[in-house]
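Everything below concerns the one structure shown next.
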Ligand SMILES: *[C@@H]1O[C@H](CO)[C@@H](O)[C@H](O)[C@H]1NC(C)=O
Ligand SMILES: *[C@@H]1O[C@H](CO)[C@@H](O)[C@H](O)[C@H]1NC(C)=O
Ligand SMILES: *[C@@H]1O[C@H](CO)[C@@H](O)[C@H](O)[C@H]1NC(C)=O
Ligand SMILES: *[C@@H]1O[C@H](CO)[C@@H](O)[C@H](O)[C@H]1NC(C)=O
Ligand SMILES: *[C@@H]1O[C@H](CO)[C@@H](O)[C@H](O)[C@H]1NC(C)=O
Ligand SMILES: *[C@@H]1O[C@H](CO)[C@@H](O)[C@H](O)[C@H]1NC(C)=O
Ligand SMILES: CC(=O)N[C@H]1CO[C@H](CO)[C@@H](O)[C@@H]1O
């Protein structure tokens with residue numbers, strides 16, 4: 026029995042005990058099958074790989090089981106709206122990978138493992154899926170090829186399970202609730218009924234949190250991996266801009282966009298990042314990365330926090346007392362694991378960072394140029410859009426699909442971006458952001474306090490310094506809102522309530538992912554927070570491998 030399985034069973038035992046004590050109903054499927062077959066709510070990639078290797082089940086079984094689990098909760102039951110499309114070729118690809126496993130052996134740790142992609146990550150037309158960033162404006166559009174990250178996953182033997190719902194246009198259309206897209210509707214969190222799934226990689230987060238997939242890819246411009254990972258009780262890695270290719274990803278900004286894994290464990294996320302990373306001639310930012318891509322799974326050492334120095338920027342912390350209390354407790358634990366924590370360790374330019382809005386000018390200007398570039402690279406666009414002006418006009422012409430009152434009418438970001446031109450002020454804002462985020466920001470803080478990394482709650486002012494710097498963040502589950510918080514009204518989603526998950530972030534300098542992963546792993550292994558609370562019962566799918574094997 027693997028170490029992680031022992032921890033899972035222990036956590037489940039504690040959960041069972043606590044549920045018995047409070048007399049609540051136990052989702053039976055979470056416990057019963059775990060002794061023989063992996064429970065898909067929590068199964069790690071290594072556990073799935075072991076079961077495939079022992080021929081306990083096949084990748085065809087896995088795809089069938091995940092499809093059935095999606096069917097249970099996506100548009101039925103709690104209608105989580107996490108998944109936009111299933112891959113119509115997934116079963117066939119799984120069968121081919123099962124055969125290859127038998128005849129040649131597995132390609133590696135991702136062979137035959139289903140992974141969900143955010144709907145802004147292009148997939149080759151022959152699979153039969155759309156890539157739309159959630160918008161009807163790109164429905165039926167044909168990309169020239171897989172996004173490089175999708176191609177890399179496939180080459181490693183992964184199965185693209187489908188496309189995840191997301192905040193439309195990666196939350197860059199306007200003032201809209203996270204997790205809503207014209208095509209997918211309002212996605213919601215599996216931990217709190219009608220809960221905010223955060224975004225913009227919302228469906229990637231929800232789908233991974235309850236085992237609708239083994240893991241997912243998300244993308245981040247400012248917060249879009251780490252925030253939904255935090256809100257959906259996951260591990261998320263926001264890589265350095267340029268570690269993973271953006272070629273074939275519907276963009277916001279060439280300067281800030283990055284693609285990364287969202288998973289239930291640090292080990293799963295590290296395995297996926299190892300496959301995704303690398304240089305790509307189609308994205309010249311990737312040429313700046315170190316020549317050799319590390320095997321990030323080599324960072325998974327339980328003593329990873331021993332002897333390292335972390336700094337706490339208290340000025341960036343969120344107001345929420347429950348998150349701060351959990352964060353404070355995590356500092357004590359991290360110290361007990363052998364790290365030195367400098368608290369506080371404020372950014373030298375903290376006040377300027379908090380006040381600066383250079384990012385808006387950078388993103389507005391980039392989006393107008395970059396989205397046009399993306400569209401111009403498509404082989405076919407049935408709606409005929411070619412530019413941001415066309416997208417605005419498309420939405421105005423299709424209000425019943427895209428401008429739905431009362432919550433989903435805004436195009437304020439589109440309008441502001443359309444208003445931009447590339448000016449000297451743009452270049453000045455870009456330079457100011459590098460200075461604020463890198464030189465006097467993250468690098469300045471690391472240097473001033475002689476730190477290895479920065480430690481902060483994922484909620485709060487965490488994503489922006491890393492976003493404007495283009496630097497990496499790894500988030501892991503930190504805790505859940507206690508039962509005595511009052512759920513906010515659904516407007517359209519519930520922003521906070523009992524059981525709402527939140528995360529802890531490790532932030533570092535460019536290409537420091539390997540170190541950040543080792544810190545996050547040590548913390549995760551010492552805490553195992555993820556299973557301390559489960560999704561609400563109706564959001565936990567019942568289908569397990571035992572229900573599909575041989576059927
Ligand atoms: C993709 O969109 C087209 C419409 O352009 C639709 O016919 C097709 O069913 C969609 N694919 C999937 C897998 O939903
Ligand atoms: C990538 O190419 C663009 C245009 O060719 C250029 O402006 C930019 O500096 C290059 N970036 C890197 C990191 O090489
Ligand atoms: C967290 O720790 C800080 C610094 O030690 C302290 O000022 C603050 O009161 C603590 N907050 C909570 C909620 O424990
Ligand atoms: C951009 O950053 C610089 C340096 O902090 C600051 O002086 C300027 O006001 C910022 N501009 C905006 C629009 O926030
Ligand atoms: C467009 O830019 C002009 C001039 O800078 C400004 O007055 C106007 O408010 C802007 N409109 C939008 C929608 O941002
Ligand atoms: C809510 O519960 C937590 C423990 O779960 C406790 O620390 C806190 O004081 C409680 N808050 C209120 C307002 O009762
Ligand atoms: C897989 C799945 O359930 N897809 C659905 C996502 O939501 C849209 C809009 O409601 C449906 O049309 C899809 O069938």
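Residue numbers (our numbering): 26 to 576.
Glycine included, C-beta positions come from ideal geometry on N, C-alpha and C.
Pairing residue 146 with residue 176 gives a Cβ-Cβ distance that is not under 7 Å.
Using a cutoff of 6 Å, the CB of residue 99 counts as near ligand 7, since one of the ligand's heavy atoms is closer than that.
Cβ-Cβ distances below 6 Å link residue 406 to 166 in the same chain, with the five nearest sequence neighbours on each side left out; the list follows chain order. Burial of residue 215 is indicated by the presence of at least 16 other C-beta atoms within 10 angstroms of its C-beta.
Apart from sequence neighbours up to five positions away, the residues of its chain that approach residue 485 with a beta-carbon distance below 7 Å are 341, 342, 343, ordered along the chain. Not one heavy atom of ligand 6 is found less than 6 Å from the C-beta of residue 258.
Under the three-state reduction of DSSP output, residue 192 falls in the coil class, being neither helix nor strand. Taking a contact as a CB-CB distance under 8 Å, the pair residue 217 and residue 432 does not count as one, their CB atoms being some 18 Å apart. In the DSSP assignment, no residue is bridged to residue 573. Taking a cut-off of 8 Å for Cβ pairs, the stretch 219–227 and the stretch 190–201 touch, as three or more such pairs fall below it. Not a single heavy atom of ligand 7 lies less than 6 Å from the C-beta of residue 88. Taken atom to atom, the span from the alpha-carbon of residue 539 to that of residue 306 is near 23 Å. Around residue 81, the same chain offers 62 as residues with beta carbons nearer than 7 Å, after the five sequence neighbours per side are excluded.
By the neighbour-count definition (other C-beta atoms within 10 Å, threshold 16), residue 332 is an exposed residue. Judged by DSSP secondary structure, residue 108 falls within the beta strand (DSSP E) whose first and last residues are 108–111.
About 6 Å separates the beta carbons of residue 296 and residue 322, which is inside the 8 Å limit, making them a contact pair. Relative to the non-hydrogen atoms of ligand 4, the Cβ of residue 457 comes within a distance shorter than 6 Å of at least one. With respect to the 7 Å criterion, residue 263 and residue 251 are classified as neighbours on the basis of their beta carbons. Counting along the chain, residue 452 sits inside the alpha helix (DSSP H) bounded by residues 449–459.
Taking the CA atoms as reference points, residue 381 sits about 29 Å from residue 286. For residue 214, the three-state secondary structure derived from DSSP is strand. In the three-state reduction of the DSSP assignment, residue 481 falls in the strand class, which pools E and B. C-alpha of residue 197 to C-alpha of residue 143: approximately 15 Å in a straight line. In the three-state DSSP reduction, residue 518 falls in the coil class, being neither helix nor strand. Within the same chain, 435, 437 come within 6 Å of residue 200 by CB-CB distance, once the 5 residues on both sides are set aside. The distance from the Cβ of residue 159 to that of residue 207 is about 6 Å, consistent with a contact at the 8 Å cut-off. Annotated three-state conformation of residue 141 is strand, per DSSP.
Between the C-alpha atoms of residue 451 and residue 300 there is a straight-line separation of about 35 Å.
In this model, residue 122 and residue 128 are separated by some 10 Å (Cα to Cα). Relative to ligand 7, even the nearest heavy atom lies 6 Å or more away from the CB of residue 141. The residues 338, 340, in chain order, have a CB closer than 6 Å to that of residue 371 in the same chain once the five nearest residues on each side in sequence are set aside. In the three-state scheme derived from DSSP, where H, G and I count as helix and E and B as strand, residue 304 is classed as coil.
Not one heavy atom of ligand 3 sits closer than 6 Å to the Cβ of residue 218.
A straight line joining the alpha-carbon of residue 336 with that of residue 507 spans about 27 Å. Here residue 255 has 483, 500, 527, 528 as same chain residues with Cβ atoms under 6 Å from its own Cβ, once five neighbours each way along the sequence are excluded. Just measuring C-alpha positions, the residue of 186, 470, 136 sitting nearest residue 152 is 186.
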